[in-house]
Structure formats: structure tokens, C-alpha cells
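Only one structure is covered here, and it is reproduced in the block below.
Protein chains in written order, with my numbering: chain A, 225 to 336; chain B, 237 to 351.
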């Protein structure tokens, strides 16, 4: 079945860049997503990328997609303490009426 | 932007009672909504796909008679946990796709505690 893998923890210093990595197995993935979850809260959509794109940039966020290797990354530039949260990678294998498959989440800790 | 709202955010109920959680798409219509369950420090587990005007599709291992899903309109899906037990205590999150089909938004989640 489909699987999405992420490293569980990442710790960075404030002002540095954070890179969160994700691998997936479904070669028919159409869209890949990054969500942020703060303690006790729901999921906030950060960004998504269509599978025929290599890169997408949105302010401090840069998403890189290597479709050949099924590898997705999220780079957060100038990481701030407010970026501390759990980041989930997710993939959609079909259209908008198919559920997302999530990774286990990467807990990002930002050290001041 | 598109918003998905859940209510209640927190609920405590006695064992054996039923609890209803609402999921609303506030500024778009959603023919399909999804219900997830998240245990502490774990990822989201898909429970069921809620289809407007038809029966929900449940994932393997999810009891459809215990977790009743109703999607009566294009902006509202409800999850009812029937005869709740302490092991049902969890964080329940819904999501919905916008008309564009590729943007998936999540509700704020509902914490259920069964005592």
C-alpha cells in the first residue's frame, strides 16, 4: 500500500534554515502537501506541489520534489521560534475526492 | 481563503453516552469530507470518507455502527460517536476538498474525552 516516511525530530537554531524530508512510495501521487500542526490544534495547510513540478517557493518556504526518487523536502528559511511545531508530509494519489496519506510527522524544535 | 470549522473543540462525556461532532465548510461546498483520528504524538488515521447524499465509506477496522457519519448537505458532515468508551478518547479532525480538487483544508479538530 501507499506509505509516507519522515524523520521524527529536527532541531535547529533560530535564524538557521530547516529542511524537513519526506519519502513516499506511490508513483501515481498527483499532489504532495505540507501541513503544520501546533500543540492541540488542527492542521494548517502550508503549501502543496503538483507532481509535475520540481520546486515551489512561497515566502520563507521552499518545496523541492524529486519525483524519480519520490523525495519531497520542505525548507524553512530564517527559522523562528514560532515555527516550532509538527510538520506532516502527505500525498494524494487521485483526485480531490481521495483521502491524503500522511507521514508520521516531524517535530521541529527551534532553539533561541 | 477556504475554511473548515469543527464544533465542539472540546467535549467531555460520560461513558455510554453519544457525542456528535460537526464539520462545516464555511465558504465552499464539499461533496466529500474526510474524518481522521489522531492519537497523542501520532499521525492521522483515516476513519472514513463522508459523501454528500450517500453512505460513508469506512476504513478497515473502523466500526460503522459506532462512528456514525452523516453528510446531509454540501457544507456539513457530522460524526457521532455512539456509546462512547474511554478508549474512544482522541483528537478527531475532519477535512474537505475545495472545488478545485487539489486543496485540502482541515478543521481545527475536536478533543473528545470519555470519562
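From the three backbone atoms N, C-alpha and C, an ideal C-beta is built for every residue, glycine too. Bear in mind the structure is a predicted one, so any value in this text is a computation, not a measurement.
### Message
Judging by CA-CA distance, which residue of A/336, A/330, A/335, A/334 is the nearest neighbour of residue 233 of chain A?
### Response
Measuring from the Cα of residue 233 of chain A, the nearest candidate turns out to be A/330.
### Query
Cβ of residue 233 of chain A less than 8 Å from any chain B Cβ?
Judged by the 8 Å Cβ criterion, residue 233 of chain A is not in contact with chain B.
### Query
Which residue comes first and which comes last in the beta strand (DSSP E) that contains residue 256 of chain B?
Taken as a continuous stretch (DSSP letters only), the beta strand (DSSP E) holding residue 256 of chain B covers 255 to 261.
### Query
Under the three-state reduction of DSSP, which class applies to residue 301 of chain B: helix, strand or coil?
DSSP places residue 301 of chain B in coil when its eight states are reduced to three.
### Query
Is there at least one non-hydrogen atom of the ligand MN closer than 7 Å to the beta-carbon of residue 259 of chain B?
The ligand MN is not among the ligands present in this structure, which contains no ligands whatsoever.
### Task
At 8 Å on the CB atoms, spell out the chain B contacts of residue 328 of chain A, in chain order.
Ordered by position in chain B, the residues that pass the 8 Å Cβ test against residue 328 of chain A are 278, 279.
#### Entry: Straight-line Cα distance separating residue 288 of chain A from residue 254 of chain B
Taking the straight line joining both Cα atoms gives about 45 Å.
### Query
For residue 261 of chain B, which of B/322, B/338, B/248, B/343 has the nearest alpha-carbon?
Of the candidates B/322, B/338, B/248, B/343, the one whose C-alpha sits nearest the C-alpha of residue 261 of chain B is B/343.
### Query
Whose C-beta lies closer than 7 Å to the C-beta of residue 228 of chain A among residues of the same chain, with five residues either side of it excluded?
Cβ-Cβ distances below 7 Å link residue 228 of chain A to 246, 248, 313, 314, 315, 325, 326, 327 in the same chain, with the five nearest sequence neighbours on each side left out; the list follows chain order.
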